[in-house]
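Engineer: Have a look at this one before I ask anything.
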Amino acid sequence: MSGHPGSHFGRQLKKERVMRGWNLEDLARETGVNAAHLSRIENGKRPPTEKVALAVDKALPERRGWFYEYWEDLQSWSEVPSWFKPWGDVEMTAATIRSWLPEVIDGLLQTEGYARAQMSLHPGITAERLAERLANRMARQQRVLFRDDPPKAHFLIDVTALQRMPPAVREDQLHHLLEVARLSNVTLQVVPVCWHPGMSAGILLADSSAYTESHVGGQVHGDELSVSSLASRFASIAAESMRASESTALIREMLQRDRVAKVQLLRRRVQRLR
(Lines of atoms letter the chains of each structure in order from A; the text may use other names.)
(Lines give C-alpha, C1' and ligand atoms only; values in the text may rest on other atoms or scores of the structure.)
Protein backbone atom coordinates (compact mmCIF):
# COMPACT_ATOMS: atom_id res chain seq x y z
CA MET A 665 0.00 0.00 0.00
CA SER A 666 1.40 3.34 -1.00
CA GLY A 667 2.00 6.01 1.63
CA HIS A 668 0.00 8.84 0.05
CA PRO A 669 -3.41 9.25 -1.58
CA GLY A 670 -1.74 10.41 -4.79
CA SER A 671 -1.11 6.77 -5.62
CA HIS A 672 -4.74 6.50 -6.74
CA PHE A 673 -4.03 9.25 -9.29
CA GLY A 674 -1.19 7.10 -10.61
CA ARG A 675 -3.29 3.94 -10.81
CA GLN A 676 -6.00 5.75 -12.72
CA LEU A 677 -3.43 7.21 -15.08
CA LYS A 678 -1.93 3.78 -15.79
CA LYS A 679 -5.38 2.28 -16.27
CA GLU A 680 -6.25 4.90 -18.90
CA ARG A 681 -2.91 4.48 -20.65
CA VAL A 682 -3.14 0.69 -20.85
CA MET A 683 -6.78 0.83 -21.97
CA ARG A 684 -5.68 2.94 -24.95
CA GLY A 685 -2.79 0.61 -25.79
CA TRP A 686 -0.24 3.34 -25.05
CA ASN A 687 3.21 2.81 -23.62
CA LEU A 688 4.88 5.43 -21.43
CA GLU A 689 6.50 7.09 -24.42
CA ASP A 690 3.09 7.48 -26.05
CA LEU A 691 1.70 9.05 -22.88
CA ALA A 692 4.73 11.33 -22.64
CA ARG A 693 4.18 12.49 -26.21
CA GLU A 694 0.49 13.21 -25.56
CA THR A 695 1.07 15.08 -22.29
CA GLY A 696 4.50 16.63 -22.80
CA VAL A 697 5.60 15.12 -19.47
CA ASN A 698 8.82 13.09 -19.17
CA ALA A 699 8.16 9.33 -19.45
CA ALA A 700 10.35 8.48 -16.45
CA HIS A 701 8.46 10.97 -14.30
CA LEU A 702 5.13 9.57 -15.49
CA SER A 703 6.33 6.09 -14.53
CA ARG A 704 7.13 7.24 -10.99
CA ILE A 705 3.66 8.82 -10.69
CA GLU A 706 1.97 5.67 -11.96
CA ASN A 707 3.87 3.55 -9.43
CA GLY A 708 3.01 5.86 -6.55
CA LYS A 709 6.62 6.92 -6.03
CA ARG A 710 5.92 10.58 -6.81
CA PRO A 711 2.79 12.64 -6.13
CA PRO A 712 1.21 14.39 -9.11
CA THR A 713 1.68 18.14 -9.65
CA GLU A 714 -0.82 20.69 -10.93
CA LYS A 715 1.04 20.85 -14.23
CA VAL A 716 0.85 17.08 -14.69
CA ALA A 717 -2.85 16.97 -13.77
CA LEU A 718 -3.70 19.65 -16.34
CA ALA A 719 -1.59 17.96 -19.01
CA VAL A 720 -3.24 14.58 -18.40
CA ASP A 721 -6.73 16.09 -18.57
CA LYS A 722 -5.84 17.69 -21.89
CA ALA A 723 -4.58 14.35 -23.23
CA LEU A 724 -7.59 12.45 -21.84
CA PRO A 725 -10.64 14.69 -22.47
CA GLU A 726 -13.02 11.77 -21.93
CA ARG A 727 -12.29 11.96 -18.18
CA ARG A 728 -13.82 15.47 -18.12
CA GLY A 729 -11.19 17.08 -15.91
CA TRP A 730 -11.11 14.28 -13.33
CA PHE A 731 -7.33 14.37 -12.83
CA TYR A 732 -7.17 18.07 -11.99
CA GLU A 733 -10.19 17.79 -9.67
CA TYR A 734 -8.53 14.89 -7.88
CA TRP A 735 -5.26 16.82 -7.61
CA GLU A 736 -7.20 19.71 -6.02
CA ASP A 737 -8.70 17.33 -3.48
CA LEU A 738 -5.23 16.09 -2.56
CA GLN A 739 -4.17 19.58 -1.53
CA SER A 740 -6.53 19.46 1.46
CA TRP A 741 -4.62 16.50 2.92
CA SER A 742 -1.74 18.61 4.29
CA GLU A 743 -3.07 18.41 7.86
CA VAL A 744 -4.10 14.75 7.73
CA PRO A 745 -1.87 12.50 9.89
CA SER A 746 0.61 10.60 7.74
CA TRP A 747 -0.58 7.22 9.00
CA PHE A 748 -4.17 7.96 7.90
CA LYS A 749 -3.36 9.04 4.35
CA PRO A 750 -3.10 5.49 2.94
CA TRP A 751 -6.56 4.74 4.31
CA GLY A 752 -7.89 7.89 2.68
CA ASP A 753 -6.64 6.48 -0.60
CA VAL A 754 -8.60 3.26 0.02
CA GLU A 755 -11.94 4.69 1.13
CA MET A 756 -12.17 7.27 -1.67
CA THR A 757 -12.90 4.51 -4.18
CA ALA A 758 -14.26 1.75 -1.93
CA ALA A 759 -17.52 0.05 -2.87
CA THR A 760 -18.22 -0.95 0.74
CA ILE A 761 -17.29 0.62 4.07
CA ARG A 762 -17.85 -0.78 7.55
CA SER A 763 -17.03 1.21 10.66
CA TRP A 764 -16.91 0.60 14.40
CA LEU A 765 -15.34 3.15 16.79
CA PRO A 766 -15.66 2.89 20.56
CA GLU A 767 -16.95 5.97 22.43
CA VAL A 768 -16.82 8.42 19.48
CA ILE A 769 -18.82 9.14 16.33
CA ASP A 770 -17.06 8.20 13.08
CA GLY A 771 -15.53 11.19 11.28
CA LEU A 772 -17.69 10.44 8.24
CA LEU A 773 -20.79 11.05 10.36
CA GLN A 774 -19.69 14.06 12.40
CA THR A 775 -21.23 17.50 12.22
CA GLU A 776 -18.85 20.43 12.05
CA GLY A 777 -19.65 21.31 15.65
CA TYR A 778 -18.93 17.80 16.93
CA ALA A 779 -15.70 17.59 14.91
CA ARG A 780 -14.52 20.95 16.25
CA ALA A 781 -15.26 19.96 19.84
CA GLN A 782 -13.41 16.66 19.42
CA MET A 783 -10.37 18.17 17.70
CA SER A 784 -10.15 20.95 20.30
CA LEU A 785 -9.21 18.29 22.84
CA HIS A 786 -5.87 17.65 21.11
CA PRO A 787 -3.08 19.03 23.34
CA GLY A 788 -1.40 22.14 21.94
CA ILE A 789 -3.58 22.45 18.83
CA THR A 790 -3.62 25.98 17.39
CA ALA A 791 -6.64 27.77 15.96
CA GLU A 792 -5.10 27.65 12.49
CA ARG A 793 -4.39 23.94 12.62
CA LEU A 794 -7.84 23.27 14.04
CA ALA A 795 -9.44 25.11 11.14
CA GLU A 796 -7.38 23.15 8.60
CA ARG A 797 -8.17 19.79 10.16
CA LEU A 798 -11.84 20.66 10.41
CA ALA A 799 -11.96 21.58 6.72
CA ASN A 800 -10.25 18.31 5.84
CA ARG A 801 -12.75 16.27 7.81
CA MET A 802 -15.73 17.94 6.19
CA ALA A 803 -14.15 17.51 2.74
CA ARG A 804 -13.51 13.83 3.49
CA GLN A 805 -17.24 13.31 4.06
CA GLN A 806 -18.01 14.76 0.63
CA ARG A 807 -15.31 12.68 -1.06
CA VAL A 808 -16.46 9.42 0.50
CA LEU A 809 -20.03 9.35 1.78
CA PHE A 810 -21.63 11.96 -0.48
CA ARG A 811 -19.82 11.42 -3.79
CA ASP A 812 -21.69 10.57 -6.98
CA ASP A 813 -21.07 6.83 -6.50
CA PRO A 814 -21.12 6.47 -2.70
CA PRO A 815 -20.10 3.21 -1.03
CA LYS A 816 -22.48 0.86 0.71
CA ALA A 817 -21.76 1.95 4.28
CA HIS A 818 -22.46 0.16 7.56
CA PHE A 819 -21.81 2.13 10.75
CA LEU A 820 -21.89 0.64 14.23
CA ILE A 821 -22.26 3.46 16.75
CA ASP A 822 -21.33 3.02 20.39
CA VAL A 823 -24.25 4.09 22.59
CA THR A 824 -21.65 5.69 24.87
CA ALA A 825 -20.72 8.03 22.02
CA LEU A 826 -24.34 9.19 21.87
CA GLN A 827 -24.57 9.72 25.62
CA ARG A 828 -21.32 11.51 26.36
CA MET A 829 -21.12 14.17 23.62
CA PRO A 830 -21.07 17.82 24.78
CA PRO A 831 -24.56 19.35 25.22
CA ALA A 832 -23.68 22.20 22.84
CA VAL A 833 -23.28 19.83 19.86
CA ARG A 834 -25.63 17.05 20.90
CA GLU A 835 -28.87 18.12 19.20
CA ASP A 836 -27.32 18.88 15.81
CA GLN A 837 -25.28 15.67 15.87
CA LEU A 838 -28.26 13.48 16.71
CA HIS A 839 -30.34 15.14 13.95
CA HIS A 840 -27.49 14.59 11.49
CA LEU A 841 -27.30 10.89 12.33
CA LEU A 842 -31.00 10.54 11.57
CA GLU A 843 -30.53 12.31 8.24
CA VAL A 844 -27.63 10.07 7.24
CA ALA A 845 -29.54 6.98 8.33
CA ARG A 846 -32.19 7.83 5.71
CA LEU A 847 -29.69 7.47 2.87
CA SER A 848 -30.30 4.33 0.81
CA ASN A 849 -26.65 3.33 0.91
CA VAL A 850 -26.25 3.67 4.70
CA THR A 851 -27.03 1.25 7.52
CA LEU A 852 -26.71 2.68 11.03
CA GLN A 853 -26.90 0.52 14.15
CA VAL A 854 -26.35 1.42 17.79
CA VAL A 855 -24.27 -0.93 19.92
CA PRO A 856 -25.60 -1.05 23.50
CA VAL A 857 -23.46 -1.34 26.61
CA CYS A 858 -22.35 -4.97 26.58
CA TRP A 859 -19.29 -7.18 26.35
CA HIS A 860 -18.07 -7.55 22.77
CA PRO A 861 -14.73 -7.91 20.91
CA GLY A 862 -14.51 -4.24 19.88
CA MET A 863 -14.35 -2.55 23.26
CA SER A 864 -10.61 -1.83 23.12
CA ALA A 865 -10.16 -0.49 19.57
CA GLY A 866 -11.92 0.68 16.42
CA ILE A 867 -12.19 -1.17 13.13
CA LEU A 868 -12.59 0.31 9.65
CA LEU A 869 -13.13 -2.01 6.68
CA ALA A 870 -13.31 -1.16 2.98
CA ASP A 871 -13.60 -3.89 0.35
CA SER A 872 -10.47 -6.03 0.88
CA SER A 873 -8.62 -3.65 3.21
CA ALA A 874 -8.87 -2.72 6.88
CA TYR A 875 -7.59 0.02 9.16
CA THR A 876 -6.80 0.06 12.88
CA GLU A 877 -5.56 2.95 14.99
CA SER A 878 -4.02 3.66 18.38
CA HIS A 879 -3.28 6.96 20.16
CA VAL A 880 0.06 7.30 18.37
CA GLY A 881 -0.60 5.97 14.89
CA GLY A 882 -2.61 3.79 12.54
CA GLN A 883 -2.08 0.98 10.07
CA VAL A 884 -3.71 -0.20 6.86
CA HIS A 885 -4.01 -3.97 6.56
CA GLY A 886 -4.18 -5.55 3.13
CA ASP A 887 -3.33 -9.18 3.87
CA GLU A 888 -6.21 -11.64 3.74
CA LEU A 889 -5.65 -13.04 7.24
CA SER A 890 -5.77 -9.67 9.02
CA VAL A 891 -8.73 -8.38 7.02
CA SER A 892 -10.67 -11.61 7.55
CA SER A 893 -9.98 -11.55 11.29
CA LEU A 894 -11.08 -7.92 11.63
CA ALA A 895 -14.17 -8.54 9.49
CA SER A 896 -15.15 -11.42 11.80
CA ARG A 897 -14.70 -9.14 14.80
CA PHE A 898 -16.90 -6.51 13.15
CA ALA A 899 -19.58 -9.12 12.49
CA SER A 900 -19.49 -10.15 16.16
CA ILE A 901 -20.06 -6.54 17.24
CA ALA A 902 -22.86 -6.14 14.70
CA ALA A 903 -24.54 -9.25 16.14
CA GLU A 904 -24.79 -7.44 19.50
CA SER A 905 -26.23 -4.27 17.92
CA MET A 906 -29.76 -2.97 17.95
CA ARG A 907 -31.71 -3.26 14.70
CA ALA A 908 -31.50 -0.25 12.39
CA SER A 909 -35.12 0.77 13.13
CA GLU A 910 -34.54 0.44 16.87
CA SER A 911 -31.35 2.49 16.58
CA THR A 912 -33.04 5.45 14.89
CA ALA A 913 -35.92 5.18 17.37
CA LEU A 914 -33.44 5.44 20.22
CA ILE A 915 -31.86 8.56 18.71
CA ARG A 916 -35.30 10.17 18.30
CA GLU A 917 -36.10 9.28 21.90
CA MET A 918 -32.86 10.92 23.06
CA LEU A 919 -33.77 14.07 21.16
CA GLN A 920 -37.24 14.11 22.69
CA ARG A 921 -35.85 13.67 26.21
CA ASP A 922 -33.43 16.52 25.59
CA ARG A 923 -36.26 18.79 24.44
CA VAL A 924 -38.34 17.96 27.52
CA ALA A 925 -35.34 18.62 29.77
CA LYS A 926 -34.76 22.01 28.12
CA VAL A 927 -38.40 23.01 28.61
CA GLN A 928 -38.30 21.98 32.26
CA LEU A 929 -35.08 23.91 32.80
CA LEU A 930 -36.59 27.01 31.19
CA ARG A 931 -39.68 26.77 33.39
CA ARG A 932 -37.55 26.53 36.55
CA ARG A 933 -35.60 29.60 35.50
CA VAL A 934 -38.80 31.54 34.86
CA GLN A 935 -40.17 30.53 38.26
CA ARG A 936 -37.02 31.74 39.99
CA LEU A 937 -37.39 35.12 38.30
CA ARG A 938 -40.95 35.61 39.58
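According to our numbering, the sequence shown is numbered sequentially starting from 665.
Glycine residues also receive a C-beta, built at the ideal position from the N, C-alpha and C atoms.
Given this structure, state the Cα-to-Cα distance separating residue 726 from residue 813, to the nearest angstrom.
Structural biologist: The straight-line gap from Cα to Cα measures roughly 18 Å.
Engineer: Determine contact between the segment 838-857 and the segment 881-897, defined as no fewer than three beta-carbon pairs at a distance below 8 Å.
Structural biologist: Counting Cβ pairs under 8 Å, fewer than three are found: no touch.
Engineer: Mapping DSSP to helix, strand and coil, what is residue 877?
Structural biologist: Residue 877 falls in the strand class under three-state DSSP.
Engineer: If you reduce the DSSP assignment to three classes, tell me which class residue 822 lands in.
Structural biologist: Three-state result, residue 822: strand.
Engineer: Do three or more CB pairs link the segment 787-796 to the segment 751-763 at distances below 8 Å?
Structural biologist: Result no; under three Cβ-Cβ pairs closer than 8 Å.
Engineer: Output the boundary residues of the alpha helix (DSSP H) element that contains residue 840.
Structural biologist: First-last of the alpha helix (DSSP H) with residue 840: 831-845.
Engineer: CB residue 682 to CB residue 697, shorter than 8 Å?
Structural biologist: Cβ atoms of residue 682 and residue 697: not closer than 8 Å.
Engineer: Would you check if the segment 837-844 and the segment 909-919 touch, i.e. whether three or more CB-CB distances between them fall below 8 Å?
Structural biologist: Contact holds: three or more Cβ-Cβ distances are below 8 Å.
Engineer: Whether or not the segment 863-877 and the segment 823-831 are in contact is what I'm after, with contact meaning three or more pairs of Cβ atoms, one per stretch, closer than 8 Å; do they touch?
Structural biologist: Contact fails: fewer than three Cβ-Cβ distances are below 8 Å.
Engineer: Among 674, 689, 686 and 728, which residue has its Cα nearest to the Cα of residue 711?
Structural biologist: When each option's Cα is compared against that of residue 711, the closest is 674.
Engineer: Using three-state DSSP, classify residue 686 as helix, strand or coil.
Structural biologist: The answer is coil: DSSP assigns residue 686 none of H, G, I, E or B.
Engineer: For residue 798, does the count of other Cβ atoms within 10 angstroms reach 16, so buried, or fall short, so exposed?
Structural biologist: Classification for residue 798: buried.
Engineer: Note down the Cα distance separating residue 780 from residue 876, rounded to an integer number of angstroms.
Structural biologist: Roughly 23 Å between the two C-alpha positions.
Engineer: Taking the beta carbon of residue 804 as the centre, do at least 16 other beta carbons fall within 10 Å, making it buried, or is it exposed?
Structural biologist: So residue 804 ends up on the buried side.
Engineer: Tell me the start and end of each unbroken beta strand (DSSP E) in the segment 704-745 that is at least 3 residues and wholly inside, in chain order.
Structural biologist: Runs found: none.
Engineer: Checking the sheet assignment: what are the DSSP bridge partners for residue 867?
Structural biologist: According to DSSP, which records beta bridges pairwise, residue 867 is partnered with 764.
Engineer: Between residue 807 and residue 753, what straight-line distance do the alpha-carbon atoms span, to the nearest angstrom?
Structural biologist: If you take the alpha carbons of residue 807 and residue 753, they lie about 11 Å apart.
Engineer: Can you name the start and end residues of the beta strand (DSSP E) that residue 928 belongs to?
Structural biologist: Here residue 928 belongs to no beta strand (DSSP E); instead the alpha helix (DSSP H) covers 908-937.
Engineer: With a 10 Å radius around its C-beta and 16 neighbouring C-beta atoms as the bar for buried, classify residue 937 as buried or exposed.
Structural biologist: The residue is exposed, with fewer than 16 neighbouring Cβ atoms inside 10 Å.
Engineer: Roughly how many whole angstroms lie between the Cα atoms of residue 921 and residue 850?
Structural biologist: Going by the C-alpha atoms only, they are around 26 Å apart.
Engineer: What would DSSP say about residue 979, mapped onto helix, strand or coil?
Structural biologist: No information on residue 979 is available, as it lies outside the stretch 665 to 938 that the chain covers here.
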